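For what it's worth, my numbering labels the leading residue of the sequence shown as -14, then goes sequentially.
Here a beta-carbon is modelled for each residue, glycine too, at the ideal position from N, C-alpha and C.
Model, not experiment: these values are computed from the prediction.
Here is the structure we will look at, set down as structure tokens.
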Amino acid sequence: MREQGSLLIELIIACAVLVILSMAALPRGLTLYREAALEYEVQHLLGDIRYMRGISRTTQIWPQSMKRKADQQLPPWRQAQMQFRRTGYTMRAGNVTHRRYDFLPGIELKGRFVTGSLDGPALTFGNDGLLTTPCTMVLFWTDAPQSGRKLILSAGGRCRVERRLQ
């Protein structure tokens, strides 16, 4: 009888040790997940910005064979643009919506072009695929805003990502 009781005590002690170890590892695991999710979303956003720059190069200017002196550019409704929300963005070229993207749950975006709805100001690209207005955006985790990523988009077409530590 004593052996069966000691086995139960050993099992309870082993479970308690596992619970203590998992409680110590859980915060680190969540931090790793947050960092990986932020990095994924930043790279996805930068890829889509590059994609929209490429679209603006092909849709903004008439091909040489079709170019007339009076029509140097396509009408503004053909402009490539991105409209940002707190939780995602929409990519458009003129009146056509290419894609609507939502960030992973818990990730949000802050910046001058970010609104709560789809009807906010748009980040537009000029003739050469360059931004018409430079901007800075911050992609962050809602529970831990100090571990965000700062995206700096210059008018010259350069994109830079900084870790936001404050």
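Handout entry: Gly73 (DSSP reduced to helix, strand or coil)
Key = strand
Practice task
In the DSSP assignment, find the unbroken beta strand (DSSP E) run with Ala107 in it and report its ends.
Solution key: 107 to 109
Exercise for the section: Over the uninterrupted beta strand (DSSP E) stretch that includes Arg143, give me the two end residues. Expected result: Where Arg143 is concerned, there is no enclosing beta strand (DSSP E), given that its DSSP letter is neither H nor E.
Practice task
Classify Ser7 as buried or exposed, calling it buried when 16 or more other Cβ atoms lie within 10 Å of its own Cβ.
Solution key: By the C-beta density criterion, Ser7 is exposed, having fewer than 16 other C-beta atoms within 10 angstroms.
Handout entry: Opening and closing residue of the beta strand (DSSP E) in which Thr121 lies
Key = 120 to 126
Problem - Classification of Ile92 by the beta-carbon crowding that lies within 10 angstroms, buried from 16 upward - result: It counts as buried.
Exercise for the section: Could you check what DSSP says for Pro90 in three-state terms: helix, strand or coil? Expected result: Assigned with DSSP and collapsed to three states, Pro90 falls in coil, not helix or strand.
Problem - Contact set for Tyr86: own chain, Cβ-Cβ below 8 Å, skip 5 residues either direction - result: The residues are His29, Asp33, Gly73, Tyr74, Thr75, Met76.
Problem - Classification of Glu26 by the beta-carbon crowding that lies within 10 angstroms, buried from 16 upward - result: By the neighbour-count definition (other C-beta atoms within 10 Å, threshold 16), Glu26 is a buried residue.
Problem - Distance between beta carbons of Phe110 and Ala140, contact taken as under 8 Å - result: With 8 Å as the limit, Ala140 and Phe110 do not qualify as a contact, their Cβ atoms being about 11 Å apart.
Practice task
Report all residues from its chain with a CB closer than 7 Å to the CB of Pro119; omit the five preceding and five following residues, and keep chain order.
Solution key: Around Pro119: Leu138, Ser139, Ala140.
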